[in-house]
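In what follows, a structure is listed as structure tokens, so that the remarks can point back to it.
Residue numbers (this note's numbering), protein chains in the order written: chain A, 3 to 318; chain B, 3 to 318.
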């Protein structure tokens, strides 16, 4: 969150009005995303109160909302109103939040801290955390299916694409490989696949979803997809790098939790990993240049993320 | 499975041809469901092999396929070809299978046996089991969204209804309440709500989905919904009753695992619970009668399930 807040603060003039389009847009939409996320977690009579509390605890903690912002900023970059895809972006955040809760479980990464406070399983226990994570993931599909602002054909397409991104081609395989393969050691291609499945797929879906709603032709969606894939690689590489370098107080979660499985850093070396990260960012930049967007919000947002990140903050 | 197989066997004549429509239809569609489920679990290059193995281990073990059959038999009862909703029915089975894998985890019911073999977490560990369950649940949405035989408007409606049934109004709250509330003791109304959320919601969605595809008017969908709700209550009550009565060899999973939380049996008494079960079946029967279906496949199927069940077999 700090990255976005910082650039927004710099961009405000004395009257609090927005002097630069980029940060003001980011702040505005980030607030709208947070508001909408808060509305989506219902504490009605049917819902088990403990479960709702755990969902809200995890979802409403400080987070950068990178995935919904990628979707929203893509639409803005192409001159479209992102309001129609606000719920789609929030659905991606529900999925991302669920994945963090599950990754932190004792049987997975066994992390005790997340986003600067005790991980959900520390606060609510394993059973409630598992069920709350499933509730969040599950709700993502209902949110997309009920997005009245989108044509039903687009809703179906986004549901199918999200299912693909979360399933055995994406997140769950990425996490499974992270647990199984990295402890054994993976080569550079294996590590790339893990990063792609753990992070890339949702980044790609965010911008492709934004581009779909903006009616972009397939060729441009492909470029956006490649851009997001490179950003995902950079993001996950930076996360791995930081796990070995930093302590809990800075990153907001346990340091060293991922060290055992951080084959990437051990095998490739920090310098190589850092070069790789910068190479991915350059490749992402080149893709965006190919789209010919002046003063791209996407570009500025990604740069702001990594500027902070390379100074020591955590990406997720 | 035994219940269906038995009635099918009785129904076959010496030449193996089908002498009664009811059991032949059940057998035919159960085989088609199994075949389709097997096709849905892909072991492609992207998928982590361990994960796919765990998914297949749980999904392809013997199961009655009650939920997909309820959907299919509803369509048949109203003279429609169920082929269009085969994938929808399979999606419900994916969700049900995921819920069983999660329920058996050490942090939940800590059951070591399921469907006559070691529970998934015994075979694959907690992390892989959790991820495989999520992969199955998640895939259900992709399966519905990609059901080309259904209009996109219907797909969106079914995705939204499934999300509602699994979420805080349904399965996850039911399981959470089962863990939290039943150990403390619940009254009759509380128990009814747990049963409804754990079992009723998916039964209801199965028949309503079948009825939707058969273009039934709302009034008839409502009757079908009520029918399935009563069947769900009876089903869960029977399951609770059996947990206290029977041993592992008969039920296919650990006996006594649910005893600690089986407040229903302890508080209400076995006789009361049995009367309640029969009362729910009578109520279900009355709903079906209101629909005026001659020689209803749904009715015969449900009766066959409970005939075996009351003799000691497990419903799920």
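Where a beta carbon is used, it is the ideal one built from N, C-alpha and C, also for glycine.
### Message
Can you confirm whether residue 92(B), when its beta carbon is compared against all beta carbons of chain A, has any partner nearer than 8 Å?
### Response
no
### Query
If you measure beta-carbon to beta-carbon, which residues of the region 169–191 of chain B are closer than 7 Å to chain A?
169, 170, 171, 174, 175, 177, 178, 179, 181 and 182
### Query
Is the number of C-beta pairs between the region 62–74 of chain B and the region 88–98 of chain B that are closer than 8 Å three or more?
yes
### Short CB-CB distance (under 8 Å) between residue 165(B) and chain A
yes
### Query
Among 73(B), 294(B) and 243(B), which one has its Cα closest to the Cα of residue 277(B)?
243(B)
### Query
In three-state terms, what does DSSP make of residue 302(A)?
helix
### Task
Note down the Cα distance separating residue 227(A) from residue 64(A), rounded to an integer number of angstroms.
27 Å
### Query
Got a sec: is the Cβ-Cβ distance from residue 95(A) to anything in chain B below 8 Å?
no
### Message
If the criterion is Cβ atoms closer than 8 Å, does the pair residue 86(B) and residue 142(B) meet it?
### Response
no
### Message
For a cutoff of 8 Å on Cβ pairs, would you count residue 110(A) as touching chain B?
### Response
yes
### Cross-strand partners of residue 2(B) (DSSP beta bridge)
A question about residue 2(B) goes unanswered here, because the residues of chain B that appear run from 3 up to 318.
### For residue 173(B) and residue 201(B), the rounded distance between their alpha carbons
7 Å
### Task
Tell me whether residue 66(B) sits in a helix, a strand or coil according to DSSP, three-state version.
coil
### Message
I need the DSSP call for residue 271(A), collapsed to helix, strand or coil.
### Response
coil
### Query
Taking any Cβ of chain A, which residues in the region 140–159 of chain B have a Cβ under 7 Å from it, in chain order?
140, 141, 143, 144, 147, 148, 154, 155, 157 and 158
### the region 213–220 of chain A / the region 186–202 of chain A touching (three or more Cβ pairs under 8 Å)
no
### Query
How long is the line joining the alpha carbons of residue 252(A) and residue 309(A), rounded to whole angstroms?
With a pLDDT of only 49 at residue 252(A), under 50, the local geometry of the prediction cannot be trusted, and the value read off the model is given with reservation. Going from the Cα of residue 252(A) to the Cα of residue 309(A) covers about 15 Å.
### Task
Quick one: using the 10 Å Cβ neighbour count with 16 as the cut-off for buried, is residue 41(A) buried or exposed?
exposed
### Query
What does residue 128(B) reach in chain A if we use C-beta pairs closer than 7 Å?
109
### Query
My guess is that residue 225(A) and residue 292(A) are in contact by the Cβ rule of under 8 Å, so how many angstroms apart are they, rounded?
6 Å
### Query
Is residue 149(B) helix, strand or coil when you go by DSSP?
coil
### Task
Kindly indicate which three-state DSSP category residue 235(B) falls into: helix, strand or coil?
helix
### Query
Closer than 8 Å, CB to CB, is residue 34(A) near chain B or not?
no
### Message
Is the beta carbon of residue 131(A) closer than 8 Å to that of residue 137(A)?
### Response
no
### Message
Can you confirm whether residue 137(B), when its beta carbon is compared against all beta carbons of chain A, has any partner nearer than 8 Å?
### Response
yes
### Task
Give me the Cβ distance between residue 234(A) and residue 140(B), rounded to the nearest whole Å; I'm assuming they're in contact under 8 Å.
Contact doesn't hold; Cβ gap of about 19 Å is too wide.
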